[in-house]
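Mapped onto the working numbering, the consecutive letters of the sequence shown carry residue numbers 3 to 251. Idealized CB from N, CA, C, for every residue including glycine. Source: prediction; values computed, not measured. Here the structure comes first, spelled out in structure tokens, and everything after it is commentary.
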Amino acid sequence: MRRPVFAANWKMNHGPTAARAFVAGFTARWSPRDDRTVLLFPPAISLTTVVHALGSREDIGVGVQNIWTDDTGAFTGESSAPMAKDAGARFVLVGHSERRHVFGETDAEAAKKCAAAARNDLTPILCVGELLAERESGATFDVVLRQLDAGLSLLDADAIASMAIAYEPVWAIGSGKTATPSDASAVHAQLRHALEKRVGAAARAIPILYGGSVNAGNATSLLSASGVDGLLVGGASLEPDTWVSICEA
Ligand code: PGA
3 MRRPVFAANW KMNHGPTAAR AFVAGFTARW SPRDDRTVLL FPPAISLTTV
53 VHALGSREDI GVGVQNIWTD DTGAFTGESS APMAKDAGAR FVLVGHSERR
103 HVFGETDAEA AKKCAAAARN DLTPILCVGE LLAERESGAT FDVVLRQLDA
153 GLSLLDADAI ASMAIAYEPV WAIGSGKTAT PSDASAVHAQ LRHALEKRVG
203 AAARAIPILY GGSVNAGNAT SLLSASGVDG LLVGGASLEP DTWVSICEA
């Protein structure tokens, strides 16, 4: 059985002061549970603060929202996988829709970032998802399977078996619209099938998260959809009380 994963993507919210206050509020209300995994993805500038504030709370994993493809070099403004690891990250989001559609990140870059994560012992969570026009034209499966194939293309089977995938329809992110549980299930089933074709039975270990306007009111029904192994949450992960209720879904 895959343990449900609850991942908080803070995006460009919570600088160090707010991040410290969040961790204090959340850890006061959330006790370690061995039936679920909780992950926080603060902005890179707050990573060290979050790691220090969590202290001995190793039940709560920490990751970064992005890394660069190379491990070191003249890449002004970027952070590398070894640096994120050194600062206490264990996970990294790769190919989030805002990276793809706001910053123009390509499938090829997502592949290199997954590879950079894997060679530095960070767990990538590869995000895939279709635009509204792609959904409306019936291209959803083609798009997410292309993003999945490309993102995994530089990884060996062991690295694939130890990563995670997030399905986030772009039109559902930050919009208040969510996929129906059955729409999410249909896409998750396609992704699972593609993972099985690549790595066989080892694919069973790979959590596939759903994301896009998840909140405390819809978390339980989305999480109970067949094939949904966890939730990647943006806006509703910013406030400790709401985040606790989502993690209890
Ligand atoms: P949202 O964002 O929950 O605010 O829609 C999800 C995400 O972008 O990961």
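Burial state of residue i (16 or more Cβ within 10 Å)
| i | result |
| --- | --- |
| Val104 | exposed |
| Arg137 | buried |
| His54 | exposed |
| Glu316 | Lying before the first or after the last residue shown, residue 316 is absent from the chain, which here runs from 3 to 251. |
Inter-residue Cα distance where the pair is residue i and residue j
| i | j | result |
| --- | --- | --- |
| Gly229 | Trp245 | 22 Å |
| Ala196 | Phe143 | 11 Å |
| Asp37 | Leu225 | 14 Å |
| Phe77 | Ser223 | 43 Å |
| Leu2 | Ala218 | Examination of residue 2 is not possible in this model, given that the chain is present from 3 through 251 alone. |
| Met14 | Ser139 | 32 Å |
| Ile175 | Ala135 | 14 Å |
| Tyr147 | His190 | Per the sequence shown, the amino acid found at residue 147 is Leu instead of Tyr. Cα to Cα, Leu147 sits roughly 10 Å from His190. |
Contact check, residue i vs residue j, beta carbons under 8 Å
| i | j | result |
| --- | --- | --- |
| Val52 | Val94 | no |
| Gly1 | Val235 | The chain is shown only over 3 to 251; residue 1 falls outside these bounds and no answer can be derived. |
| Pro171 | Ala227 | no |
| Ala9 | Gly202 | no |
| Ala91 | Val130 | no |
| Thr125 | Ala119 | yes |
| Pro6 | Ile47 | no |
| Lys114 | Thr71 | yes |
| Ser239 | Trp32 | no |
| Leu128 | Ala112 | yes |
| Leu42 | Ile62 | yes |
| Ile1 | Arg200 | The question about residue 1 has no answer here: the residues shown for the chain are numbered 3 through 251. |
**Report entry** Whole runs of the beta strand (DSSP E) within the region 180–250, excluding any shorter than 3 residues
**Finding:** The region 180–250 is shown to contain whole beta strand (DSSP E) runs of 3 or more residues at 210–213, 232–235, in chain order.
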